[in-house]
Every structure is written in structure tokens, then in C-alpha cells.
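Trainee: Position 291 of the sequence shown, counted from 1, bears residue number 1040 in this note's numbering, the numbering being contiguous throughout.
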Amino acid sequence: MTRYLVFALLAGAGLAGCASQPLPDLHAPVPGEWRHPVAAAPAGSPTDLRGWWHSFADPSLDALVERALADNLDVAQAAERVRAARALHGRANSAFLPQLHAKTEDVDAPDAGASYFVAGFDAVWELDLFGRGTAVRRVAQGDLDAAAADLQGARVSLVAEVVRNWLELRAAQQQLQWLQQVHDARQRQHDVLQVRERLRLAGAESVERAAAALAQAEAAMVEPREAMDANAQRLAVLLGTAEPDPAWMNAGPLPTLGAWSLQAAPADLLRSRPEIRRAEADVLRAAGAAGIAHADRYPSVAIGGSLTWSASLQSHRGIGDNPVASIGPLIDIPLFDWGMRAAQEDAKRHELQASVLAYRQSVLEGVADVETALGRLQRQGEHERQCAEATAALARADNAVAKRAALHLAGADEEIESAIAHDEASLALVQAQAAHDLAFVSMFKALGGAPLPPAESAPREDRH
């Protein structure tokens, strides 16, 4: 028996060292630099991916993001899943540790002439052969990496949504103020035309057109009011509360985007974008599953032992003083289901290849998302500058009309129309500023930038 045990141990040691399957190459080709231009680095440090919202220099926004990261329920769920995966990851090797089982049973003699009470211990130690242990550890590591990627993804989405809702709330408040000024101007215009109609200096059709314009101006204010309510309610949900803060409804300025720069290269997506990290974890899990299927095609070898005591139930004697001990190899050899196991290994290899292709696809989609966001950010910045120039020109024209009106060189109609044109241009500028800000949010969300505390990050195998 000792010879068999030594032979099994030596054979297991020889097989365990060379059976691990290599991981696939995940090196996905990415461009060396972005096609669309990015902001040049200012005098200070470049914008940090993990704190990009500070570029708006809005303390209220900073406080909202901090509170959301602490109280959001989706992030809390993702963090709990990371802790669950980490707990299992720490015990991934438990299957290859010695297992001890205690047993008691009643046994009848073959001639039914006596019965015995049997007590003892069984021990089994499965050997890590054919790469099974490595495969099990890869599956556990993949689960942990996937949970960590999901947590990062939840944080990325949360920060982006908080910033987006806050910007849309402030933009709606600014839009409402300008629309109110347009409404007031339309009201003055309608009043003037009514007076002129009574003096027979204007026709009824002019009054009706002014009334229609006034009604349209009043109707236009409905949309920003709805946007304010909706964004405040969404902010409350993101912060883990049922009721919005009444202070949010107090009109405030739209946060302006300060100086920023981007020095992240396309290759940085491989380390920051949650979707890519999740696809990478899926590859590791698929590699582990393929390794387990490979090991299942070969014999399972373990060292087993037992120590047993017995006592006759027909006598008053206690348990015997001479226990029976045994030790030796346990071998489970697949025979009749070997073909099915081979088919399962082949299927897992194809699933592994599919996960590699999915990883490369996620890299391509990540690069495309950032390129699209950079292009949109550039165009929205140009649009904002054009709207700012138009607003400035109309402001100068409005001042000129006001001076002429003060000298009685311009009538009330011209003065009102000039004010309305300036207010509508200011409204368009607010919308352009909001669109530019939201494009900035979309860019950093595409880059995968969000804070991820080191305590929640997971160590990963080197897979590149």
C-alpha cells in the first residue's frame, strides 16, 4: 500500500506542473492617439479622470456627487457583490485541502446474527492535477474582477447622472428666467397694440397675432418647469432619498466649464473603462471554465484514509480497543462518459474564444464612444462660442435701440422687439452652454472616469 501511495504522489506531482492551460492573448489594437483634437494642457495639472466634475467649480455639485457616492443604493448593492465575490475568492483553494468526515452507523452481519455500531473518520485529499486548481482560481478571480468592474461601472454611471441632472436642472432654471422675460415683453407688446387698436392706430389682426405670441411664450415655460421637477426627483433617487431638497428649486447659475485638458491615451481605456474590464473578467472566467472541462477529461486522483471503531450491539462490551485504519489512493477514471466530457471541453474552448472576441469588440466600442464624444464636445464648444457672439451682438444692438428710444427716435414696438431678440438669443446661449457641458459629461463617462476606492479594487492576473 505504501508503494502505491508513493507512486500516486509522484505521478500527481509530475502531472500537476504541466497541465495548466495558457491564457489567451488579450492585446487589442487601439490607435496611438485620438482623431479628434483635445484641449491642450493648461498651466496647472491635467484634468483628473477620477475627479473630472471639479472642472465646473461648483461646490453644490461637488457635495451632491460626494453624497451620492456614499448613499446611492445601486452602488451599495454593487459593493456588497464585491464583498461576496471577495469572500469566495479567498476560499478558492478549499476544494484541494484535506477533507475530514466523521461517521456513525449500524451494520448487520451477513448472517443477520449480530449487529454492530460503527464509528470513525474518513479523510480525503484531492490532488490538484491537470490544471484543475488553476482553473478554479481563475473562475474565482474572474468573478471578483467582474464584481469590481460592475462596481466601477455603477460609480461611473452614478457620477455622470448626478452631474447631468444637476446641469439640466440649472439649465432649466436659467431657461425659465429668460422665457419669463420674453413672456413679459410679449405682454407689453400685446398691451400696446390693444391701446393702439382702441385709438384706431392698429388693426385687430395685429392684436390677435400679439395674443398668439403671448400664449406661445406662456406655453414655452411649461417645458423647463417640467424639466426642473423631473431632474430634482431623479437627483433624489440617485442620492437614495424619496424627496428632493427644496433648496434645489431655488434658481442658480448654470455651472460653467473651466480650463481642462485630456492626456489620457486610447490605451488607457483598457484600465479605466468598466465595460472593458468586465469583458476582461469574462475572458478569465471562460478560461477557468475551459480549464475545469479539460481537467474533467482525466482521472481524478485523491489520497483517502479512514479510522474505524466497532462494537457489538448484542454484548455489553464497549467499542473495541483495536481500531481499523486504512490509507491509499482514490482514482476516479472517466470511461463511458469520456466522449461527453470531450464535447464539453470543446464547447468551453469555443465559449472562451467568443469571450475573447467580445473583449476586442468592447475595446473597439470604447474607442468609438470616446471619439464620438470628443467630436461632439468640439462641435458643441464651437456652437456655444457662436451663440455667445450672437448674444453679445444683439446686446449691443438692444442698447443702441434703448438709447434711441430715450431720445424718442425709436418707438415702443422697435424697443420691445429688440429686447425679445436679445432674450431669445440669451435663451439659445443657455441651451448651447448646457449642451456643451453635457457633451463634457458624456466624454468622461465614455472614458470610464470615476472614483474607485482602493479597498474595493480587485487584484487581477496579468492577462496582457
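Idealized CB from N, CA, C, for every residue including glycine.
Since the structure is predicted, the reported quantities are computational estimates derived from the model, not experimental observations.
List the DSSP bridge partners of Glu875.
Mentor: Here residue 875 is taken as the residue at index 126 of the sequence shown, counted from 1. Ala1051.
Trainee: Express the C-alpha separation of Gln890 and Asp899 in angstroms, rounding to a whole number.
Mentor: What you label residue 899 is simply residue 150 of the sequence shown in a count that begins at 1. What you label residue 890 is simply residue 141 of the sequence shown in a count that begins at 1. The straight-line gap from Cα to Cα measures roughly 14 Å.
Trainee: Please classify Gln923 as buried or exposed, where buried requires at least 16 neighbouring CB atoms within 10 angstroms.
Mentor: Looking up residue 923 in the sequence shown gives position 174. It counts as buried.
Trainee: Helix, strand or coil: how does DSSP classify Ala991 here?
Mentor: For the purposes of this step, residue 991 is taken as residue 242 along the sequence shown, with counting starting at 1. In the structure shown, Ala991 sits in coil (DSSP, three-state: anything other than H, G, I, E or B).
Trainee: Return the residue from the list Phe879, Ala979 and Ala1177 that minimises the CA-CA distance to Pro771.
Mentor: For the purposes of this step, residue 771 is taken as residue 22 along the sequence shown, with counting starting at 1. Of Phe879, Ala979 and Ala1177, the residue nearest in Cα terms is Phe879.
Trainee: So which of Trp1087, Trp874 and Pro1002 has the shortest CA-CA distance to Pro1048?
Mentor: If you number the sequence shown from 1, residue 1048 lands on position 299. For the residues Trp1087, Trp874 and Pro1002, the minimum Cα distance to Pro1048 belongs to Trp1087.
Trainee: Taking the alpha carbon of Gly989 as the reference point, which residue from Asn842, Val1116 and Glu815 has its own alpha carbon closest?
Mentor: Position 240 of the sequence shown, counting from 1, holds the residue named residue 989. Taking only the C-alpha atoms, the option nearest Gly989 is Glu815.
Trainee: May I have the straight-line CA-CA distance separating Arg1153 from Asp1162, to the nearest angstrom?
Mentor: Position 404 of the sequence shown, counting from 1, holds the residue named residue 1153. Position 413 of the sequence shown, counting from 1, holds the residue named residue 1162. Computed Cα separation, rounded: 13 Å.
Trainee: For Gly952 and Ala1137, I'd like the C-alpha separation in whole angstroms.
Mentor: Walking along the sequence shown from the start, residue 952 turns up at place 203. Walking along the sequence shown from the start, residue 1137 turns up at place 388. Rounded to the nearest angstrom, the two C-alpha atoms are 37 Å apart.
Trainee: Of all the alpha helix (DSSP H) runs that stay within the bounds of the segment 929-1007, which reach a length of 4 or more residues?
Mentor: For the segment 929-1007, whole alpha helix (DSSP H) runs of length 4 or above, ordered along the chain, are 953-969 and 971-987.
Trainee: From what residue to what residue does the alpha helix (DSSP H) around Gly1077 run?
Mentor: Within the sequence shown, numbered from 1, the residue matching residue 1077 stands at position 328. Taken as a continuous stretch (DSSP letters only), Gly1077 belongs to no alpha helix (DSSP H), being part of the beta strand (DSSP E) at Val1073 to Asp1081.
Trainee: For Gly891, which of helix, strand or coil comes out of DSSP?
Mentor: Looking up residue 891 in the sequence shown gives position 142. Helix at Gly891.
Trainee: Would you please state the rounded distance, in angstroms, between the beta carbons of Ala1039 and Leu1101? I believe it to be under 8 Å.
Mentor: Here residue 1039 is taken as the residue at index 290 of the sequence shown, counted from 1. Here residue 1101 is taken as the residue at index 352 of the sequence shown, counted from 1. Confirmed, Cβ separation roughly 5 Å.
Trainee: So, is Val755 buried or exposed, given that buried needs 16 or more other C-beta atoms within 10 angstroms?
Mentor: Counting from 1 along the sequence shown, the entry for residue 755 is found at position 6. With a pLDDT of 42 at Val755, under the threshold of 50, the modelled position of that residue is not reliable, and the figure given next carries that caveat. Its Cβ having fewer than 16 others within 10 Å, Val755 is exposed.
Trainee: If I measure Cβ to Cβ from Phe1189 and keep anything under 7 Å in the same chain, skipping five residues before and after, which residues do I get?
Mentor: If you number the sequence shown from 1, residue 1189 lands on position 440. So the qualifying residues of the chain are Leu1006 and Leu1126.
Trainee: Within 10 angstroms of its Cβ, does Thr1140 collect 16 or more other Cβ (buried), or is it exposed?
Mentor: For the purposes of this step, residue 1140 is taken as the residue at position 391 of the sequence shown. Under this definition Thr1140 is a buried residue.
Trainee: What number of angstroms, rounded off, separates the C-alpha of Arg835 from the C-alpha of Arg881?
Mentor: Taking the sequence shown and counting its residues from 1, one reaches residue 835 at position 86. Taking the sequence shown and counting its residues from 1, one reaches residue 881 at position 132. Each residue's alpha carbon lies about 20 Å from the other.
Trainee: Between Asp1186 and Leu916, how many whole angstroms is the CB-CB distance? I'm expecting something under 8 Å.
Mentor: The residue you call residue 1186 lines up with position 437 of the sequence shown. The residue you call residue 916 lines up with position 167 of the sequence shown. Asp1186 to Leu916, Cβ: 5 Å. Contact.
Trainee: Between Ala851, Glu1166, Val1050 and Leu837, which has its C-alpha nearest Asp894's C-alpha?
Mentor: Along the sequence shown, read from residue 1 onward, the residue named residue 894 stands at position 145. Measuring from the Cα of Asp894, the nearest candidate turns out to be Leu837.
Trainee: Helix, strand or coil for Val787, going by three-state DSSP, please let me know.
Mentor: Stepping through the sequence shown from its first residue, residue 787 is reached at position 38. Three-state DSSP puts Val787 in coil, outside helix and strand.
Trainee: Buried or exposed: which applies to Ala1207, given that a residue is buried once 16 or more other Cβ atoms fall within 10 Å of its Cβ?
Mentor: Counting from one through the sequence shown, the residue named residue 1207 turns up at place 458. Low local confidence applies: a pLDDT of 43 at Ala1207 is under 50, so the model's placement there is unreliable, with the coordinate-based value given in what follows. Looking at its Cβ environment, which holds 16 or more other Cβ atoms inside 10 Å, Ala1207 is buried.
Trainee: Going by DSSP, what residues sit across from Trp915 in a beta bridge?
Mentor: The residue given as residue 915 occupies position 166 in the sequence shown. Answer is none; Trp915 lacks a bridge partner.
Trainee: Taking Arg1034 and Gln901 to be in contact with their CB atoms under 8 Å, please state how far apart those CB atoms are, rounded to whole angstroms.
Mentor: Taking the sequence shown and counting its residues from 1, the one referred to as residue 1034 is at position 285. Taking the sequence shown and counting its residues from 1, the one referred to as residue 901 is at position 152. No, Arg1034 and Gln901 are not in contact; Cβ-Cβ is about 17 Å, not under 8 Å.
Trainee: Which one of Ala851, His776, Phe870 and Ala1144 has the shortest CA to CA distance from Leu1056?
Mentor: In the sequence shown, counting from the first residue as 1, residue 1056 sits at position 307. For the residues Ala851, His776, Phe870 and Ala1144, the minimum Cα distance to Leu1056 belongs to Phe870.
Trainee: With respect to the alpha helix (DSSP H) encompassing Gln1129, which residues constitute its N-terminal and C-terminal limits?
Mentor: Along the sequence shown, read from residue 1 onward, the residue named residue 1129 stands at position 380. From DSSP, the alpha helix (DSSP H) with Gln1129 extends over Trp1087 to Ala1155.
Trainee: Among residues of its own chain, excluding the 5 on either side of Asp820, which ones have a beta-carbon nearer than 8 Å to its beta-carbon?
Mentor: The residue labelled residue 820 in the question sits at position 71 within the sequence shown. Counting only Cβ-Cβ distances below 8 Å, and skipping sequence neighbours, we find Leu988, Gly989 and Thr990.
Trainee: Using only alpha-carbon positions, find the residue among Ala985, Glu1114, Thr853 and Ala903 that is nearest to Val824.
Mentor: By one-based count along the sequence shown, residue 824 stands at place 75. Nearest option by C-alpha distance: Ala903.
Trainee: By Cβ distance below 7 Å, which residues in the same chain neighbour Ala817 in space, the five residues on each side in sequence not counted?
Mentor: What you label residue 817 is simply residue 68 of the sequence shown in a count that begins at 1. Contacts found: Leu907, Val911, Leu987 and Leu988.
Trainee: Classify Leu1178 as buried or exposed, calling it buried when 16 or more other Cβ atoms lie within 10 Å of its own Cβ.
Mentor: To locate residue 1178, count along the sequence shown from 1; it is residue 429. Result: buried.
Trainee: Spatial neighbours of Arg752 within its chain, please: CB distance less than 7 Å, with the 5 preceding and 5 following residues excluded, ordered by chain position.
Mentor: Mapped onto the sequence shown, residue 752 falls at position 3. For Arg752, the predicted model reports a pLDDT of 48, less than 50, meaning its position is unreliable and no value from the coordinates is stated.
Trainee: Does the segment 1072-1085 come close enough to the segment 1095-1111 to have 3 or more Cβ pairs within less than 8 Å?
Mentor: No: fewer than three Cβ pairs fall under 8 Å.
Trainee: Determine the DSSP secondary structure at Ala1035, reduced to helix, strand or coil.
Mentor: Translated into the one-based positions of the sequence shown, residue 1035 becomes position 286. In the structure shown, Ala1035 sits in a helix (DSSP, three-state: H, G or I).
Trainee: So Ala834 is in the alpha helix (DSSP H); what residue range does that whole segment cover?
Mentor: Residue numbering aside, residue 834 sits at position 85 when the sequence shown is read from its first letter. First-last of the alpha helix (DSSP H) with Ala834: Leu822 to His838.
Trainee: Going by DSSP in three states, Gly869 sits in which element: helix, strand or coil?
Mentor: Sequence index remark: in the sequence shown, residue 869 carries index 120 (1-based). Note: Gly869 maps to strand in three-state DSSP.
Trainee: Quick one: is Ala812 buried, meaning 16 or more other Cβ sit within 10 Å of its Cβ, or exposed?
Mentor: Working through the sequence shown from its first residue, we reach residue 812 at position 63. Exposed: under 16 other Cβ atoms inside 10 Å.
Trainee: Pull up the distance between the alpha-carbon of Phe1193 and that of Val905, whole angstroms please.
Mentor: Position 444 of the sequence shown, counted from the start, is the residue given in the question as residue 1193. Position 156 of the sequence shown, counted from the start, is the residue given in the question as residue 905. In a straight line, the C-alpha of Phe1193 is about 9 Å away from that of Val905.
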